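> Quick one: this structure, given as structure tokens, is what I'll be asking you about.
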Amino acid sequence: MHSSLLDWALHAAGLRAASTQTTPAERACLARHAAGRRALVEIGVMHGATTRLLCAAAAPEGQVTAVDPFPPGRLGVSFEYALSRREVARGRGARCRFMRETSAGALAGWGDPIDFLFIDADHSWEGIAHDWHGWTPFVVEGGLVALHDSRPIPDRTVYDTVRFTETVVLPDPAFTVVEAVDSLTVLRRVAPAAR
Ligand SMILES: C[S@@+](CC[C@H](N)C(=O)[O-])C[C@H]1O[C@@H](n2cnc3c(N)ncnc32)[C@H](O)[C@@H]1O
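If you count by the working numbering, then the sequence shown holds residues 16 to 210, one letter each, in order.
Structure (structure tokens):
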């Protein structure tokens, strides 16, 4: 979904909230598990609603890295990018570092440990497979991975992310499920990554 100039203007005027497809229960779950974390990465930002939430939940000295390419629209600019930056600026808490890149682009130069990873980007099989296999090796033992649209819920498309979670993620012995709420699954790394 790409935001229009109208979305951007209504958000600027305080007349429209940042959009998110997460449910209230999913947001509460994200906040619970992101609490006090220091090295957070979100893949798939859109309006920055969950980015803002992660910044507020994280340790104040922590950092949230927010990865999204924010492709420009017809006018050659991304109003979604501007909107998400403003949404995060309206919040408080940990610093946010925007990486205006695809997941693959951000991963190409990545070398830092992660203690909270939220994946909510490309919902195709190839997309989630890339994000899971590419990013989770950086998640430290005890660190958490939250996967949106990883469980079927009423009135929501069953994306490949659901099938990938059932087929690849849940059987992975390096992770254990700590909570599942609506379409969100939160897993803890219980064994070191084989790199
Ligand atoms: C469902 S939205 C994210 C919503 C946000 N996490 C929230 O809950 O409010 C998915 C986002 O993923 C981004 N996206 C799609 N493919 C991507 C990729 N390959 N790398 C990074 N982001 C991608 C899209 O631009 C879109 O903004």
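Think of the CB as a built atom: it goes at the ideal place given N, C-alpha and C, for glycine as much as any other residue.
None of the values given here were measured: they were computed from a predicted structure.
By Cβ distance below 6 Å, which residues in the same chain neighbour Phe85 in space, the five residues on each side in sequence not counted?
Ser93, Glu95, Tyr96 and Arg115
> Answer with buried or exposed for Glu212, where buried requires no fewer than 16 other C-beta atoms within 10 angstroms of its C-beta.
Residue 212 is absent from the model: the chain starts at 16 and stops at 210.
> If contact is defined by three or more beta carbon pairs under 8 Å, each pair taking one atom from either stretch, is the region 194 to 208 in contact with the region 72 to 83?
Proximity of the region 72 to 83 to the region 194 to 208 falls short of the contact definition, fewer than three beta-carbon pairs being nearer than 8 Å.
> Can you tell me the Cβ-Cβ gap for Val56 and Thr80, rounded? I've got them flagged as a contact below 8 Å.
The Cβ separation is near 5 Å, so the contact holds.
> Using only the alpha-carbon positions, how far apart do Glu102 and Gly63 sit?
6 Å
> Just confirm the distance between the C-beta atoms of Ala189 and Val205, as a whole number of angstroms; I'd bet it's less than 8 Å.
7 Å
> Between Val60 and ligand 1, is the CB less than 8 Å from at least one heavy atom?
yes
> Whether or not the region 41 to 48 and the region 18 to 33 are in contact is what I'm after, with contact meaning three or more pairs of Cβ atoms, one per stretch, closer than 8 Å; do they touch?
Result no; under three Cβ-Cβ pairs closer than 8 Å.
> In terms of DSSP beta bridges, what is Arg110 paired with?
Gln78
> Would the beta-carbon of Asp130 fall within 9 Å of that of Arg53?
yes
> Could you work out which residue in Pro167, Leu69, Ala144 and Pro152 is closest to Arg107 when comparing CA atoms only?
Of the candidates Pro167, Leu69, Ala144 and Pro152, the one whose C-alpha sits nearest the C-alpha of Arg107 is Leu69.
> What does DSSP give as the partner residues of Thr38 in its beta bridges?
Note: Thr38 sits in no beta bridge, so no partner.
> Is any non-hydrogen atom of ligand 1 found closer than 8 Å to the C-beta of Thr37, if you look at the structure I gave you?
True, at least one ligand heavy atom lies under 8 Å from that Cβ.
> Does any residue of chain C have a CB that is nearer than 9 Å to the CB of Leu30?
This model lacks chain C altogether, as it is built from one protein chain only.
> I'd like the ranges of any alpha helix (DSSP H) spanning at least 4 consecutive residues and lying wholly in the region 139 to 176.
140 to 150
> Please report how far the alpha carbon of Ala195 lies from the alpha carbon of Ala161, in whole angstroms.
9 Å
> Just the C-alpha distance for Gly142 and Thr117, rounded to the nearest angstrom, thanks.
11 Å
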